[in-house]
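Number of protein chains: 2
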Amino acid sequence: MSGLSEFDLIECYFRPLITRDDVILGVGDDAAILAVPNDTQLVVSMDALVADVHFAADDEPYGIGHKALAVSLSDMAAMGADPAWVTLALVIPEVDESWLAAFSEGLLALARRFEVQLVGGDTARGPLCVALQLHGLVPCGQAIRRSSAASGDLVCVTGTLGDAGLALRLRQQYGRGHQDPAREYLDRRLDRPDPRVREGVTLRGLASAAIDISDGLSADLGHILKASGVGAELTVDAVPVSDAFLRCTEGMDTDDALALALSAGDDYELCFTLPESRLGDLEEAARGWDVPWHVIGRITEVEGLRFIRGEDGNPFTVERAGYEHFR
Amino acid sequence: MSGLSEFDLIECYFRPLITRDDVILGVGDDAAILAVPNDTQLVVSMDALVADVHFAADDEPYGIGHKALAVSLSDMAAMGADPAWVTLALVIPEVDESWLAAFSEGLLALARRFEVQLVGGDTARGPLCVALQLHGLVPCGQAIRRSSAASGDLVCVTGTLGDAGLALRLRQQYGRGHQDPAREYLDRRLDRPDPRVREGVTLRGLASAAIDISDGLSADLGHILKASGVGAELTVDAVPVSDAFLRCTEGMDTDDALALALSAGDDYELCFTLPESRLGDLEEAARGWDVPWHVIGRITEVEGLRFIRGEDGNPFTVERAGYEHFR
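Residue numbers (the numbering used here), protein chains in the order written: chain G, 457 to 783; chain S, 457 to 783.
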């Protein structure tokens, strides 16, 4: 056990790498003081990641730090907000300086990429757990909600689905050791998700509703449908999957692989809805994106989520409704 | 294990009891949307409470909920901020509905008292831990910092010190079972701290520096001194203690009891500094307070914290510098 106090800890490892003009007072007082520009609203999301629930306790700490922030950035992306400030509650079983150095490096590298400043936090001793509060900003009235999808809107997703879920399943079946480039790609999708922050900001004033895919497409789109009082019909053959996903599911039952893409969590892509009349605007806007996007279905007046195959229009049944804690 | 999902959990137990006009969107989306008034700054503090570190796992859940919010409200008080919105990350080993009902009742009763709305959160399964992010508001530039105490300023505290620390020591020595009214008073000070929110708001534009006493007077005043680059001389006989404290320390060594008042944590009173010329203004302002206040010393140019006895001016030595995790 080190002689580091909790104050030293925060000072030592989490000293911010970037300094934003709107941070009046950062780490080091009872609370941070922040300047919210006029004509903007504050968007806040809180996420807790627990060892052996959201990640393995022996995962490399750089990745845990990355993922903790990525999960919250993904929430901001789904609201169309520009991320700004983060506070961190870190519960650790002991002061392991190399673990802390790597954890904070992973978190702060991603923070720097999106110009997010760590402005405060708390540390305590206990079973490994990371809680993170992210603050973002949107022009007044422009945050994207779950509740505004309308019948006839297109259902779209960024990137590819099922990669993280497949990585987890393969890791559980075969362990971590491998030298397969396709599995390495999938592992990276699971361990180092890329939050779609720039994409989300572009969707402001364009998407009618949005959510990030953390619990699986079925479950998360389900939240949009419930909040908006509508249903949706998805074409499962239109759901985008990666080459690595195709390669690693070669021996698998096709419907089983599809179900994974439709219901496995942790991809942190965006699912959004769009009036068909805005499709041209989306094409224009998405030219600056890091990822492709695809139309995968349509919002319906009839409630509920239905899947059809592409060619024949036959219904397709998904067994698993997505991951939820406490089930 | 219940069939409640994490979404139901938040909806069921943490549905806000009050609704603030400045909450544009509360619980139920990827993030909350909040309106920060022009000419105000945002003040944010994050606190983590871990079972068997900050409270006993078998403490009554109402009290855990109360204390989790009280700790953060106390940070707001120390900044002179009006508390506004709270988000909660709750990690629980299992879904125990009666535990959750009592925990949320304790938290929300205090939230209602200070017109704080719960606007979001996350739940996960794991070892019991509560992380809480509180958001407050101050008129631009009026937050009270730790760093502005000046030589010659008076050092003041609200309420009485050492009650919570004594309650904890007695509980550790003799267990919980007793029917002593004085010990009941001390227990209440430990388990249901009253954050000095109204007092803190009054101190805006009056106190030169402030901090809340969570780790003990010596340690917390030490933070003001370090941040302000000054020292202080405290008169230990002027440090206010309660009648219950006096009664329950009757058999104890006097210096030992004094050391407890000077260095035990968890009282959540405010320690603040004040230019002597503002003493009249403080007397005026403090008429509306729920608690008394006392001058206990003076800020000095010479760095470091020194204690003297009242009558003879002799130095007094405190053994314990205050509680810190990871020590």
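Where a beta carbon is used, it is the ideal one built from N, C-alpha and C, also for glycine.
These figures come from a predicted structure and were not determined experimentally.
Residues that DSSP places opposite residue i in a beta bridge
i, result
"G:Leu588", "G:Asp503, G:Leu544"
"S:Asp578", "S:Ala545"
"G:Arg644", "BP columns for G:Arg644 are empty, so no partner."
"G:Ala666", "G:Phe728"
"G:Gly753", "G:Val611, G:Leu690"
"G:Ala488", "S:Val500"
"G:Phe763", "G:Leu690"
"G:Leu593", "G:Leu498, G:Asp538"
"S:Leu481", "S:Ile489"
"G:Pro771", "G:Ile764"
"G:Gln573", "G:Trp541"
Partners in chain G for residue i, counting only beta-carbon separations shorter than 9 Å
i, result
"S:Arg602", "Gly484, Asp485, Asp486"
"S:Asp668", "Asp486"
Nearest-angstrom Cβ-Cβ length linking residue i and residue j, presumed shorter than 8 Å
i, j, result
"G:Val547", "G:Cys585", "4 Å"
"S:Val758", "S:Gly687", "5 Å"
"G:Leu659", "G:Ile752", "Contact flag wrong, Cβ pair sits at about 16 Å."
"S:Met502", "G:Gly577", "5 Å"
"G:Val575", "G:Ala665", "With a Cβ gap of about 30 Å, G:Val575 and G:Ala665 do not count as contacting."
"G:Ser530", "G:Asp668", "4 Å"
"S:Glu689", "S:Arg581", "Rounded, the Cβ-Cβ distance is 51 Å, inconsistent with contact."
"S:Asp693", "S:Gly766", "3 Å"
"S:Val695", "S:Leu716", "Actually they are not in contact, since the Cβ atoms of S:Val695 and S:Leu716 sit about 11 Å apart, beyond 8 Å."
"S:Leu490", "G:Gln589", "That belief does not hold up - the Cβ atoms of S:Leu490 and G:Gln589 are roughly 13 Å apart, past 8 Å."
"G:Gly592", "G:Val499", "4 Å"
Neighbouring residues, chain S, relative to residue i (Cβ below 9 Å)
i, result
"G:Asp722", "Those within 9 Å of G:Asp722 in chain S number zero; the least Cβ separation is about 14 Å."
"G:Gly685", "Simply none; closest approach about 14 Å."
"G:Ala599", "Ile480, Leu481, Asp485, Ala487, Ile489"
"G:Met532", "Asp486, Ala487"
Terminal residues of the alpha helix (DSSP H) in which residue i lies
i, result
"G:Gly621", "619 to 630"
"G:Trp555", "553 to 569"
"S:Ala675", "673 to 684"
"G:Thr658", "653 to 658"
"S:Leu525", "517 to 535"
"G:Ala599", "No alpha helix (DSSP H) contains G:Ala599, which DSSP labels as neither H nor E."
"S:Gly661", "From DSSP, S:Gly661 is part of no alpha helix (DSSP H); its letter is neither H nor E."
"S:Thr710", "710 to 719"
"G:Ala606", "Taken as a continuous stretch (DSSP letters only), G:Ala606 belongs to no alpha helix (DSSP H), as it is neither H nor E."
"S:Asp737", "735 to 741"
Interface partners of residue i on chain S, CB under 8 Å
i, result
"G:His510", "Ala580"
Closer than 7 Å at the beta carbon, the chain G residues around residue i
i, result
"S:Pro583", "Gly582, Pro583"
Limits of the beta strand (DSSP E) - the one that residue i falls within
i, result
"S:Phe701", "Note, S:Phe701: premise wrong, no beta strand (DSSP E); alpha helix (DSSP H) at 699 to 704."
"G:His510", "Premise fails: G:His510 is in no beta strand (DSSP E) and is neither H nor E."
"S:Ala694", "Careful: S:Ala694 lies outside any beta strand (DSSP E) and carries neither H nor E."
Amino acids of chain G, ordered along the chain, whose beta-carbon sits closer than 8 Å to that of residue i
i, result
"S:Met535", "Asp485, Asp486, Ala487, Ile489"
"S:Val575", "Val500"
"S:Asn494", "Asn494"
7 Å Cβ cut-off: residues of chain S touching residue i
i, result
"G:Val547", "Ala504, Val506, Cys585"
"G:Gln589", "Met502, Thr543, Gln589"
"G:Ile480", "Gln497"
Interface flag, residue i vs chain C, CB-CB below 8 Å
i, result
"G:Ile480", "No chain C is part of this structure, whose protein chains are labelled G and S."
- Task: Would you check if there are 3 or more beta carbon pairs closer than 8 Å linking the region 542 to 560 of chain G to the region 675 to 684 of chain G?
- Result: no
- On the three-pair Cβ rule with 8 Å, is the region 550 to 565 of chain G touching the region 619 to 634 of chain G? no
- Item | Validate contact between the region 724 to 741 of chain S and the region 604 to 620 of chain S using beta carbons, cut 8 Å, 3 pairs | yes
- Should the region 515 to 524 of chain G be regarded as contacting the region 635 to 648 of chain G, the criterion being three or more beta carbon pairs within less than 8 Å? yes
- May I ask you to verify whether the region 632 to 640 of chain G touches the region 735 to 747 of chain G, counting CB pairs closer than 8 Å and requiring at least 3? no
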